[in-house]
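S.K.: These protein sequences, in sequence, are chains A and B. Position one of the first sequence corresponds to residue 0 (numbering that gives the first Met the number 0), numbered consecutively onward. Position one of the second sequence corresponds to residue 0 (numbering that gives the first Met the number 0), numbered consecutively onward. Glycine is no exception: its CB is placed at the ideal position from the N, C-alpha and C atoms.
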Amino acid sequence: MKKIIVIGATSAIAQAFCKETLKNNHHHFFLVGRDESKLKAIAQDLQVRGAKSVETHVQDLNELSSHADIINLAAAKMLGIDWALIAHGILGEQKTAEVNFTESLEIIQSNYLSQVSLLHHLANYMEKHKNGVIGVLSSVAGDRGRRSNYIYGSAKAGITAYLSGLRVRLNQVNVQVITVKMGFVDSPMTQNFKKGPLWAKPEQIAEKLVPLYQQQISREVYLPKFWFFVMTIIKFIPTKIFLKLKNL
Amino acid sequence: MSKQSWGLFPHTTSEVITYNWLPKSLPKNNPILPYGLGRSYGDSCLNDQGTLLVTDRLNRYISFDPLTGILEAECGTSLEQILLDFVPRGWFLPVTPGTKFVTLGGAIANDVHGKNHHAVGNFGHHVLSLRLLRSDQQVYHCHHQENADLFFATIGGLGLTGLILTAKIQLTPIQSSYIHQDIIAFDNVDDFYELSKSSMNQYKYNVAWIDCFSNSNKQNRGLFYRGNFSTDGRLDTHQAKSLLQVPIYFPNQALNSFTIKGFNELYYQVNRLKKSNLAHYNPFFYPLDAIHHWNRIYGRQGFYQYQCVIPWQNKQAIHSLLKEITQAQMGSFLAVLKVFGEKKSLGMMSFPEPGITLALDFPVNQESTKLLEKLDLITIEAQGKVYIAKDARMSKNSFHHFYPRFNEFQKMMDPQFSSSFIRRVT
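1) From the DSSP output, which residues share a beta bridge with TYR60 of chain B?
2) Should the segment 89–109 of chain B be called in touch with the segment 70–81 of chain A, which here means at least 3 C-beta pairs below 8 Å?
3) Pick out whichever of B:THR102, B:THR230, B:TYR305, B:ILE247 has its Cα sitting closest to the Cα of THR54 of chain B.
4) Run through the DSSP bridge pairs and tell me what LEU136 of chain A is partnered with.
5) Please list the partners that ASP44 of chain A has in chain B, where partner means a Cβ-to-Cβ separation under 8 Å.
6) Restricting to Cα atoms, I'd like to know which of B:ASP148, B:PRO22, B:ARG59 is closest to GLY346 of chain B.
7) So what does VAL335 of chain B bridge to, in DSSP terms?
8) Rank B:LYS410, B:ILE296, B:GLY383, B:SER397 by C-alpha distance to the C-alpha of PHE361 of chain B and give the top, closest one.
9) Determine the chain A residues that contact TRP5 of chain B at a beta-carbon separation under 7 Å, and present them in chain order.
10) Look at the alpha carbon of ILE163 of chain B and the alpha carbon of LEU132 of chain B, and state the distance between them as a whole number of angstroms.
11) Starting from PRO33 of chain B, trace the beta strand (DSSP E) in both directions and tell me its first and last residue.
12) Which stretch, first to last residue, makes up the alpha helix (DSSP H) that contains ILE106 of chain A?
13) How about THR356 of chain B and TYR402 of chain B: do their beta carbons lie closer than 9 Å?
14) Buried or exposed for PHE249 of chain B, going by 16 or more other Cβ atoms inside 10 Å?
15) Taking a cut of 9 Å between CB atoms, which residues from the segment 11–22 of chain B lie near chain A?
16) In chain A, what lies closer than 8 Å to ASP135 of chain B by C-beta?
17) Quick one: Cα of LYS243 of chain A to Cα of VAL220 of chain A, how far?
18) In this structure, does DSSP put SER128 of chain B in helix, strand or coil?
19) What is the DSSP secondary structure of ARG38 of chain B, counted as helix, strand or coil?
20) Would you kindly report the start and end of the unbroken beta strand (DSSP E) that includes TYR429 of chain B?
21) Reducing DSSP to helix, strand and coil, say where HIS120 of chain A ends up.
22) According to the neighbour-count rule (16 or more other Cβ atoms, all chains shown, within 10 Å of its Cβ), is LEU247 of chain A buried or exposed?
23) Tell me which same chain residues have a C-beta within less than 6 Å of the C-beta of PHE350 of chain B, skipping the five on either side of it?
24) Quick check on LEU70 of chain B - is its C-beta less than 9 Å from some C-beta in chain A?
25) Any beta carbon of chain B sitting closer than 9 Å to that of PRO210 of chain A?
26) Beta carbon of LEU127 of chain B, beta carbon of GLN180 of chain B: below 9 Å?
27) Figure out for me which residue from A:ARG33, A:HIS119, A:ILE107, A:GLN43 has the closest Cα to the Cα of ILE70 of chain A.
28) Just tell me which of B:VAL245, B:GLY301, B:ALA388 has its CA closest to the CA of LEU287 of chain B.
29) Can you find a C-beta in chain A that's less than 9 Å from the C-beta of GLU55 of chain B?
30) Mind checking if ARG48 of chain A is an interface residue toward chain B, Cβ cutoff 9 Å exclusive?
31) Per the contact definition of three or more C-beta pairs closer than 8 Å, is the segment 43–55 of chain A in contact with the segment 95–103 of chain A?
32) Along the segment 86–101 of chain A, where does the CB come closer than 7 Å to a CB of chain B? Name the residues.
33) Could you check how far apart the C-beta atoms of LEU25 of chain B and GLN201 of chain B are, in whole angstroms? I think they sit under 8 Å.
34) Where does the unbroken alpha helix (DSSP H) through TRP198 of chain A begin, and where does it stop?
35) Give the secondary structure of THR171 of chain B by DSSP, where H, G and I count as helix, E and B as strand, and everything else as coil.
36) What is the DSSP secondary structure of GLU92 of chain A, reduced to helix, strand or coil?
This is the structure in structure tokens:
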């Protein structure tokens, strides 16, 4: 039985994650998101699925000043924090962001800055208690900035690098850090995209992610696995050739 | 965008709105139709040139009482999901159709039935209440004592009364996920009736498979399946992932009288040897679910499924139907015969009536279309009806014979909702 804080709990992957953890287990949940009625719907579902307790907390995660309180409240309500999943973020519009810096800022805030802020408090908490697993949803887009989404990609690259160092720091106190690098996932975030065989369902991600927490894995993981091979190739494409991939 | 129905016929185009959360209001699009998992065979789940409201991500539970087995869930919850989550807790679906890949909303909208109809009736008989969102942007709480007429219109209402948001159903307690099954071979339909009659009280789940291709002495042989849940305490669920998939469309001619005859012979001989055994609920209730996309075996042309019910007093019509089908040598290997019980269906447009139901598939082509018209005539004369959830071709005339309560139902239809089916038959 674990005490789990889920940030960005209304994300499709976060919901699938919570449901997956409850297969053969009962956990305590602290769910953070912007929409009260959505959080309530998730809470009811998890309760039917056997959650020991579900607390919900409405908060816009772009308000960085709220982050210390989020962590403290979670720890107080659940009497501790064992697992954390940071799942919030936006895809943003690359074309808009190129002309309108506000969009760029939102992408960076939602995908990098707010994560760093939350991790700051979370990491300090877990370091003190010498216990925990932190998972953060990142993306293959961070492996190499591409023409079609480099602003989003840069934020993901940033968080991946941050977690890489954090992992070493927290390893000293038996706290694990999982960086989940995903490719295309069929979710509300990508609902306007045409889907194909490379697309994963949130349930597939959750199925592979929960065991990583259970086994206290501390590393970067590509989900689904095949993205490791795809990105290895993409990363090694020489710049001369990469320059020609305007549509990638 | 094109969503399909299970028979892969007809082809339609619609705008698609996918819900991830229960909507608080309906979109302005007109006309609209809820779409669950698209397991209806024909066009009752399609809305050509209209909008489909896709609900399969509305799959959250709202409440469950472990003492009574009463479950409330969002309309897109699949029956499969309910099995995965509640069989281990000792609960089963009160009524289940031949596939578990249907949504709660779909099960209600078609008032589905199963092998235990003679014992417990239709799915609608186990719905305690539902919440319906209509184009006046109001949510109606419907049950036997409140908005009752809307309740009885929505059960079997094909999604035409509004969008079912949530429903409360009564699950059935079980002590095992295994069924004691008997398989008894029979040589003709009269023997089937005898078997049904003698098995009705003792066996909760009865159904027969009938061979529409072999017809020695003008009789149709078959296999009668009857079963009851075991009490052995094992509550394992099925494996959610299937190993078998039909990844491509077969050529249109793959299923022909030669291949079907061959399959039927094999199926008959293999299964008649089984006699009595213990079967997991998955192969007992959902043999075809094991093969994902089995509908592709019929090819891109698609297929018709024809299911009718013939009231007891005219049961000789079953013989007439089988005669026509066997003569045409066009039937499928999936011919099912079952006796319906006396429990009166709740919905104005529900299908089950006391009598005998026959269901089978045909490839979509000119000859089968003509054959099905003939079968309709026999069914009309016998005062029977054809199941809308399976239909892609019944005529306006047939429809009015089969569903005399349509005028009553029409008053409860929501003006913003429509389907390819209802436009075809009215």
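M.R.: So, from the data block:
1) B:ALA72
2) no
3) B:THR102
4) A:VAL179
5) ARG59, TYR60, ILE61
6) B:ASP148
7) B:TRP208, B:ALA358
8) B:ILE296
9) Going along chain A, no residue has its Cβ under 7 Å from TRP5 of chain B, so there is no contact; the nearest lies around 20 Å.
10) 6 Å
11) 31–34
12) 100–107
13) no
14) exposed
15) THR17, ASN19, TRP20, LEU21
16) Result: empty, since nearest Cβ-Cβ is about 21 Å, beyond 8 Å.
17) 29 Å
18) strand
19) coil
20) Because chain B spans 0 through 425 in this model, residue 429 of chain B falls outside it and cannot be assessed.
21) helix
22) exposed
23) TYR386
24) yes
25) no
26) no
27) A:HIS119
28) B:VAL245
29) Residue 55 of chain B is actually Asp in this sequence, not Glu. Closer than 9 Å: no.
30) yes
31) no
32) none
33) With a Cβ gap of about 48 Å, LEU25 of chain B and GLN201 of chain B do not count as contacting.
34) First-last for TRP198 of chain A: undefined, no H or E at that position.
35) strand
36) coil
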